[in-house]
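Just so we're aligned: the sequence shown equals residues 582 to 1036 in our numbering. Cβ coordinates follow ideal geometry from the N, Cα and C atoms, glycine included. What follows is one structure encoded as structure tokens, with my remarks underneath.
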Amino acid sequence: MRHLDYCVVGGGVVGLAVGAALAPFGSVAVLERNGGLIQETSSRNSGVVHSGLYYPADTLKTMLCTAGNQNIWRLQQNFPDAIHAKRNGKWIGSCNNSEDSQLEGLIERMKERHIPYTMVPQNQAHREEPLVRMHTIVNSSSTGIIDVHTLADFFHSIVVKSSDGYVLCDSDVIKVELPEKKRRCDAKSGDSSIKLTVASPSHGDPNKSDSNGSNSDDTYTIDVDKAVICAAGLQANTLWSRVSCGGASVAQPPSHRLYACKGRYAGYRGKAPVSRLVYPCPLPNLVGLGVHSVVDVAGQVRFGPDAAYVDSFDDVSVARSASEEAAFLDSQYKAVRRYIPRIERKKFFADFAGIRPKLARQDEGFRDFLIEYIDQVVEATEPASQNATLTPVMKSVKGGDSHHDGEAVVVWLNGIESPGLTASSAIGDYVTSWLVGPKRFNEHLSPWRNEKVAA
582 MRHLDYCVVG GGVVGLAVGA ALAPFGSVAV LERNGGLIQE TSSRNSGVVH
632 SGLYYPADTL KTMLCTAGNQ NIWRLQQNFP DAIHAKRNGK WIGSCNNSED
682 SQLEGLIERM KERHIPYTMV PQNQAHREEP LVRMHTIVNS SSTGIIDVHT
732 LADFFHSIVV KSSDGYVLCD SDVIKVELPE KKRRCDAKSG DSSIKLTVAS
782 PSHGDPNKSD SNGSNSDDTY TIDVDKAVIC AAGLQANTLW SRVSCGGASV
832 AQPPSHRLYA CKGRYAGYRG KAPVSRLVYP CPLPNLVGLG VHSVVDVAGQ
882 VRFGPDAAYV DSFDDVSVAR SASEEAAFLD SQYKAVRRYI PRIERKKFFA
932 DFAGIRPKLA RQDEGFRDFL IEYIDQVVEA TEPASQNATL TPVMKSVKGG
982 DSHHDGEAVV VWLNGIESPG LTASSAIGDY VTSWLVGPKR FNEHLSPWRN
1032 EKVAA
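Here is the structure:
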């Protein structure tokens, strides 16, 4: 595996989806730094299949979420034993008269985007969810829940069952060396591949590994001839610091800087007080969608998440002391009581937390997914971050276009937070169609896609 056509950095659900979409078009490897797959953002969230409701219309989040929603339900229908998901809808409700206008705005958006919905009369609400008390309720019927591990396993199987596909854990990319051709005004010929240096104490070079995958070598290199796709999630800032060209470091663009936003969940002991997703009206700034009730595919209920910017991408503790935990559970209880007033505080317990890789700072508004590639690198006109001497020129990956110049390219998927789980298969299609061209892409319909993309 010294040479590959494609390499995906990051073994979350998005990285695996990109690998699965690329698998029919050449050799591909998905590299994950942890000892197992989907151990970070992918498995530390609500597990909701969103409908594409919450974000502005002309955005990647809305477009890819809407397509991804359809893909997941198609997969669940065609592979029910493999994809564990339930299309059981989501109640979104106002808790008082003042929130009705906000809910009406969401309903208008559903109409505009042709998102299926029904109004829930109060007598029906009391019959189906007797503990829920909301002023006005709408059901988003194309929303549901999914066991993300089954989706990840499905993508994983496509990669490893392809003719030349690999998924490798314990594989930390410690260097991304761009070809010197990427430097403006550099007319040198020579190798145009991207060279990755991988630290892999558990595996070493797969060409030298024994049947158990063990190896004494700590690092190996891969030459990537067509594209490196960076789906590093929480580790994107670190990965940017490892990019170089001709021995000179390449600065991370300010627009790509990620910020850690922690969301914590509370579990609930005993009988579940609700049997479905129940959401209050979302927070105005979309830092989060509010403390909602989530019932997973196994019937376990939890409440969350809250949302707070933190300094660390690695700290997934719910609380560091008994008093902090009690304060967190009190806040969750208070939030849930707004729409389930008879909920019992003594049954709440600290469950888990996850980190969102947000592009927006705490004082910023909405930021879309960022899917861009390094077109070239230029000399920095002023001191750049991390003592870098080169600055990348970034261009957007645009649907319907294709990558024409034939040189290896680095594509960055940054800020892929919610609704990234829902959008994962659509992100894979979006990137792959651009890399191989719509015509060639349409020659291979994936298991989650039943229509061709526009050429």
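Residue j beta carbon less than 9 Å from that of residue i
| i | j | result |
| --- | --- | --- |
| valine 991 | leucine 759 | yes |
| valine 876 | alanine 916 | no |
| alanine 934 | serine 898 | yes |
| glycine 667 | glycine 600 | Note that residue 667 is lysine in the sequence shown here, rather than glycine. Cβ atoms of lysine 667 and glycine 600: not closer than 9 Å. |
| glutamate 998 | proline 938 | yes |
| leucine 971 | arginine 764 | yes |
| valine 1034 | glycine 981 | yes |
| isoleucine 1008 | valine 748 | no |
| leucine 1067 | alanine 733 | With the chain covering only 582 through 1036, there is no way to say anything about residue 1067. |
| glycine 593 | glycine 814 | yes |
| lysine 976 | aspartate 949 | no |
| glycine 978 | valine 1017 | In the sequence as presented, glycine is not what sits at residue 978; that position holds valine. No, the Cβ-Cβ distance between valine 978 and valine 1017 is not below 9 Å. |
| glycine 628 | leucine 1002 | yes |
| valine 855 | glycine 746 | no |
| isoleucine 936 | lysine 843 | yes |
| phenylalanine 929 | tyrosine 801 | no |
| glycine 880 | alanine 853 | yes |
| asparagine 669 | tyrosine 698 | no |
| alanine 931 | glutamate 906 | yes |
| arginine 857 | tryptophan 672 | yes |
| histidine 665 | isoleucine 755 | no |
Contacting residues, own chain, Cβ-Cβ under 8 Å from residue i (five flanking each side not counted)
| i | result |
| --- | --- |
| leucine 951 | Ser836, His837, Leu940, Trp993, Leu994, Asn995 and Gly996 |
| histidine 730 | Ile619 and Ser624 |
| alanine 817 | Cys811, His837, Leu839, Pro938, Trp993 and Asn995 |
Neighbour-count burial assignment, residue i, 16 or more Cβ in a 10 Å radius
| i | result |
| --- | --- |
| aspartate 1010 | buried |
| asparagine 678 | exposed |
| aspartate 895 | exposed |
| valine 859 | buried |
| histidine 695 | exposed |
| glycine 674 | buried |
| glutamate 621 | buried |
| asparagine 659 | exposed |
| proline 886 | buried |
| histidine 1025 | exposed |
| proline 1040 | Any property of residue 1040 remains undetermined from this structure, which presents the chain solely from 582 to 1036. |
| arginine 845 | buried |
| alanine 926 | It is worth fixing the name first, because residue 926 is arginine in this sequence and not alanine. Arginine 926 should be labelled exposed. |
| lysine 692 | exposed |
| serine 1051 | Because residue 1051 is not part of the residues shown, which for the chain are 582 to 1036, the question remains open. |
| aspartate 791 | Residue placement at aspartate 791 cannot be trusted, given a pLDDT of 35 that sits under 50; the coordinates are not used to answer. |
| arginine 565 | This structure leaves residue 565 out entirely; the chain is present only between 582 and 1036. |
| arginine 708 | exposed |
| glycine 686 | exposed |
| glycine 946 | exposed |
| asparagine 788 | Only weak support exists for where asparagine 788 lies, its pLDDT of 45 falling under 50; the value from the coordinates is given anyway. With fewer than 16 Cβ atoms within 10 Å of its Cβ, asparagine 788 is classed as exposed. |
| lysine 742 | exposed |
| asparagine 650 | buried |
| asparagine 704 | exposed |
Beta-carbon contacts of residue i that lie in its chain and below 7 Å, excluding the five residues immediately before and after
| i | result |
| --- | --- |
| serine 893 | Ala841 |
| proline 1000 | His631, Lys642 and Cys646 |
| proline 861 | Gly674, Cys676, Gly871, His873, Arg919 and Tyr920 |
| histidine 984 | Val990, Trp1015 and Leu1016 |
| alanine 663 | Thr731 and Phe735 |
For residue i: DSSP bridge partner residues
| i | result |
| --- | --- |
| tryptophan 993 | Cys811 and Glu953 |
| proline 711 | Looking at the DSSP assignment, proline 711 forms no beta bridge with any residue, so it has no partner. |
| tyrosine 635 | DSSP, once it has assigned bridges, lists no residue as partnering tyrosine 635. |
| arginine 1021 | Note: arginine 1021 sits in no beta bridge, so no partner. |
| alanine 666 | Ile727 |
| proline 938 | Ala841 |
| tryptophan 672 | Asn720 and Val859 |
| cysteine 826 | Leu759 and Ala829 |
| valine 1038 | Residue 1038 cannot be examined here, being either before or after the span of the chain that is shown, 582 to 1036. |
| threonine 800 | Ala780 |
Same chain only: Cβ atoms within 6 Å of residue i, ignoring 5 sequence neighbours per side
| i | result |
| --- | --- |
| aspartate 753 | Arg614 and Ala780 |
| proline 739 | The amino acid occupying residue 739 in the given sequence is isoleucine; proline does not appear at that position. Cβ neighbours of isoleucine 739 beyond the five flanking positions: Ala601 and Ala604. |
| tryptophan 1029 | Asn652, Arg655, Leu656 and Ser1006 |
| valine 809 | Cys588, Ile775 and Val991 |
| glutamate 680 | Cys862 |
| histidine 584 | Asp804 |
| phenylalanine 736 | Leu597, Ala598 and Ala601 |
| glutamine 943 | Tyr890 |
| serine 797 | For serine 797, the predicted model reports a pLDDT of 43, less than 50, meaning its position is unreliable and no value from the coordinates is stated. |
| methionine 958 | The question names methionine, but residue 958 is valine in the sequence shown. For valine 958, where only same-chain residues beyond five positions count, the Cβ hits under 6 Å are Lys763, Arg764, Cys826, Val831, Leu971 and Pro973. |
Proximity test, Cβ basis, 9 Å: residue i and chain D
| i | result |
| --- | --- |
| lysine 692 | Given the protein chain composition of this structure (a single chain), no chain D is represented. |
Proximity test, residue i beta-carbon vs the ligand NAP heavy atom, cut-off 8 Å
| i | result |
| --- | --- |
| alanine 812 | Inclusion of the ligand NAP in the displayed structure is not the case, the ligand content being empty and no account of it being possible. |
The segment 627-644 / the segment 825-836 touching (three or more Cβ pairs under 8 Å):
no
Pairing CB atoms from the segment 586-593 with CB atoms from the segment 702-715, are three or more of them under 8 Å?
no
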